[in-house]
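Chains as they are written, first to last, in the working numbering: chain B, 321 to 649; chain R, 147 to 263.
So the structure is just underneath, and the comments pick up after that.
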Amino acid sequence: MIVLEIVLLVIKIILLIAILMGGFAYTMLLERRLLGFFQLRLGPNRVGPGGLLQPIADGLKMVLKEDLMPLGADPFVYRLAPVISLFTALCVDAVIPFGAPIHLFGLTVTLDIANPSIGLLIAFAFSSLGVYGLVLGGWASQNKYSLLGGIRASAQIISYELAMGLAVMGVLMTTHTANLEGIVLYQKAHGWLWLPQIGAFLIYFITGIAETNRTPFDLPEAESELVAGYHTEYSGMRFASYIIAEYINMITVSGIAVTLFFGGWLGPWLPPIIWFFIKIGIFLFIFIWIRATLPRFRYDQLMNFGWKVLVPAALIYFLGTAAFVSGIL
Amino acid sequence: MITQYGALLIYVLVAFLVAYLVASSSQHMGPKAPGGLKRVTYESGIVPEAPVKYFSVRFYRVAMFFMIFDVAVMSLYPWATSLRSLHQAGMLRVLAFLAIVGLAFFYVWNRGGFQWD
Chain B
321 MIVLEIVLLV IKIILLIAIL MGGFAYTMLL ERRLLGFFQL RLGPNRVGPG GLLQPIADGL
381 KMVLKEDLMP LGADPFVYRL APVISLFTAL CVDAVIPFGA PIHLFGLTVT LDIANPSIGL
441 LIAFAFSSLG VYGLVLGGWA SQNKYSLLGG IRASAQIISY ELAMGLAVMG VLMTTHTANL
501 EGIVLYQKAH GWLWLPQIGA FLIYFITGIA ETNRTPFDLP EAESELVAGY HTEYSGMRFA
561 SYIIAEYINM ITVSGIAVTL FFGGWLGPWL PPIIWFFIKI GIFLFIFIWI RATLPRFRYD
621 QLMNFGWKVL VPAALIYFLG TAAFVSGIL
Chain R
147 MITQYGALLI YVLVAFLVAY LVASSSQHMG PKAPGGLKRV TYESGIVPEA PVKYFSVRFY
207 RVAMFFMIFD VAVMSLYPWA TSLRSLHQAG MLRVLAFLAI VGLAFFYVWN RGGFQWD
């Protein structure tokens, strides 16, 4: 029995990492094609049918680039920072259930690596650690652009994390659990939570865009001011690690949004796991759509918006939900 | 029987290994052609002079506010998952707690702590 469990765990780990890496590759291709269409051009369509092999060509190109370290850089921290970024991005998805539990060889197999009772807290803990990758990478490069980009990234991410933490608490209060599978099962019984928690969902999604440093919150890598922000001095696969981490974070934010507000794997007719991927795909499309549509914030607008609008709004919605759940109203 | 946290630990170790292998792969597989000004940091064409060490103190301020308020928010998580069984009593006690945190929040707001200019 224990052997079977270990084999299943190994299979799940390999599958999850493969899904995330493949998801990254094709999210990036999807983004480049869609941005092309939004701008009335075709996007990359030369490598393979319709450009489908483009990610492989990109990956090969990245691996075969020279790995440079700037003079005066701290070698250990410089090499460690992209690893932290990618590692935390991969870890968050361990607690997200990708589908309904399936029965295999007399075992009930949950489609996540771990399903602890504090699943949501673990996901947030790992995503918070991701800040270290950005700020250490910016600091260790000994470049003014990198340092500013890294510091900006950390200030932005911690500012928006507060509102995010407050927003998801409404879901915790309603569902009575922090276990992500429990949250989905609650939605199976009582209906999806996006409508009763619409304010929380909007705040979560806005902060999610800010946490992943996507347009219109891509101040850390604002190319007109900071060249490329915290990864200015990185080359080859270390640079690619940051990009992989950014796209995997997009998938993660979409996955948590789907799990908390849109019923996770629930849906009619199709198998649960397909529904989960369809919903994530819709969120990724919205991410790309927003990037193609909106201009970038100014830095003071970004910080003021985070502290003076999102935090009070999240607090008010949180208090309203708390009053409703506790039965005061 | 593998516990939930045991499985998580194994995954975390594997993820770290994968991240390390991915990030260091071009160090082993890429070409090596040292020389020239390759390793000088990029500053839009100017040769950098002083080492980079300092940044605005306002970022420290943001970090401190985050520490203060995020600890307050995180301490509410266990309360939030059991609010349904705590009823009005639990709500009133947290309102007292939030009143103190809110007082601090609006004090900082009034002193211009959140104003970024």
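Idealized CB from N, CA, C, for every residue including glycine.
Quick caveat, the model's predicted, so the values are computed rather than measured.
With 8 angstroms set as the bound, which would you pick, yes or no: does the beta-carbon of residue i sit closer than that to a beta-carbon of chain B?
{"i": "Glu189 (chain R)", "result": "yes"}
{"i": "Val203 (chain R)", "result": "no"}
{"i": "Gly264 (chain R)", "result": "Because chain R spans 147 through 263 in this model, residue 264 (chain R) falls outside it and cannot be assessed."}
{"i": "Leu249 (chain R)", "result": "no"}
{"i": "Met210 (chain R)", "result": "no"}
{"i": "Arg239 (chain R)", "result": "no"}
{"i": "Gly176 (chain R)", "result": "yes"}
{"i": "Ser172 (chain R)", "result": "yes"}
{"i": "Ala165 (chain R)", "result": "yes"}
{"i": "Gly181 (chain R)", "result": "no"}
Among the options, whose alpha-carbon lies nearest the alpha-carbon of residue i?
{"i": "Gln150 (chain R)", "options": "B:Arg352, B:Ala393, B:Phe344, B:Asp432", "result": "B:Asp432"}
{"i": "Trp225 (chain R)", "options": "B:Ile416, B:Val491, B:Ala377", "result": "B:Val491"}
{"i": "Ser561 (chain B)", "options": "R:Trp255, R:Gly152, R:Ala169", "result": "R:Ala169"}
{"i": "Leu458 (chain B)", "options": "B:Met557, B:Tyr550, B:Thr428, B:Ala577", "result": "Checking the sequence, you will find Gly at residue 458 (chain B) rather than Leu. Answer by Cα proximity: B:Tyr550."}
{"i": "Tyr402 (chain B)", "options": "B:Asn624, B:Ile564, B:Phe638, B:Pro588", "result": "According to the sequence shown, residue 402 (chain B) is Pro rather than Tyr. When only C-alpha atoms are compared, the closest one is B:Ile564."}
{"i": "Ile523 (chain B)", "options": "B:Ala475, B:Ile322, B:Val645, B:Phe625", "result": "B:Phe625"}
{"i": "Phe425 (chain B)", "options": "B:Ile529, B:Thr535, B:Val327, B:Gln621", "result": "B:Val327"}
{"i": "Ile526 (chain B)", "options": "B:Leu468, B:Phe607, B:Ile648, B:Met341", "result": "B:Phe607"}
{"i": "Phe537 (chain B)", "options": "B:Arg611, B:Ala642, B:Pro369", "result": "B:Arg611"}
{"i": "Val547 (chain B)", "options": "R:Tyr200, R:Gly191, R:Ser221, R:Val240", "result": "R:Gly191"}
Taking the continuous alpha helix (DSSP H) assigned at residue i, which residues delimit it?
{"i": "Val219 (chain R)", "result": "204 to 220"}
{"i": "Asn569 (chain B)", "result": "556 to 581"}
{"i": "Tyr253 (chain R)", "result": "229 to 256"}
{"i": "Trp595 (chain B)", "result": "592 to 613"}
{"i": "Asn624 (chain B)", "result": "619 to 624"}
{"i": "Thr552 (chain B)", "result": "No alpha helix (DSSP H) holds Thr552 (chain B); DSSP gives it neither H nor E."}
{"i": "Met348 (chain B)", "result": "322 to 358"}
{"i": "Lys381 (chain B)", "result": "374 to 383"}
{"i": "Ala634 (chain B)", "result": "631 to 646"}
{"i": "Ala401 (chain B)", "result": "395 to 412"}
{"i": "Ser544 (chain B)", "result": "543 to 546"}
State the beta-bridge partners of residue i as determined by DSSP.
{"i": "Leu427 (chain B)", "result": "B:Leu424"}
Please confirm whether residue i has its beta-carbon closer than 8 angstroms to some beta-carbon of chain R.
{"i": "Arg558 (chain B)", "result": "yes"}
{"i": "Lys508 (chain B)", "result": "no"}
{"i": "Asp620 (chain B)", "result": "yes"}
{"i": "Gly584 (chain B)", "result": "no"}
{"i": "Asp538 (chain B)", "result": "no"}
{"i": "Gln374 (chain B)", "result": "no"}
{"i": "Ala460 (chain B)", "result": "no"}
{"i": "Ala420 (chain B)", "result": "no"}
{"i": "Asn300 (chain B)", "result": "Summary: the structure shown does not reach residue 300 (chain B), with chain B confined to residues 321 through 649, and so no result is reported for it."}
{"i": "Gly426 (chain B)", "result": "no"}
{"i": "Leu324 (chain B)", "result": "no"}
{"i": "Ile518 (chain B)", "result": "no"}
Cβ closer than 9 angstroms: which chain D residues qualify as neighbours of residue i?
{"i": "Ile192 (chain R)", "result": "The structure shown contains no chain D; its protein chains are B and R."}
Taking only heavy atoms of the ligand HEM into account, decide whether any of them is closer than 7 angstroms to the Cβ of residue i.
{"i": "Gly370 (chain B)", "result": "The model on display carries no ligand, and the ligand HEM is accordingly not part of it."}
Exercise. Could you name each continuous alpha helix (DSSP H) segment of 4 residues or more that falls completely within the region 450 to 531 of chain B, going from the start of the chain to the end?
Key: Counting only runs that start and end inside the region 450 to 531 of chain B, the alpha helix (DSSP H) elements of at least 4 residues fall at 464 to 495, 500 to 510, 518 to 531.
Self-check item: Contiguous alpha helix (DSSP H) assignments of at least 4 residues, all confined to the region 162 to 209 of chain R
Solution: If only complete runs of 4 or more residues are kept, the region 162 to 209 of chain R shows no alpha helix (DSSP H) anywhere.
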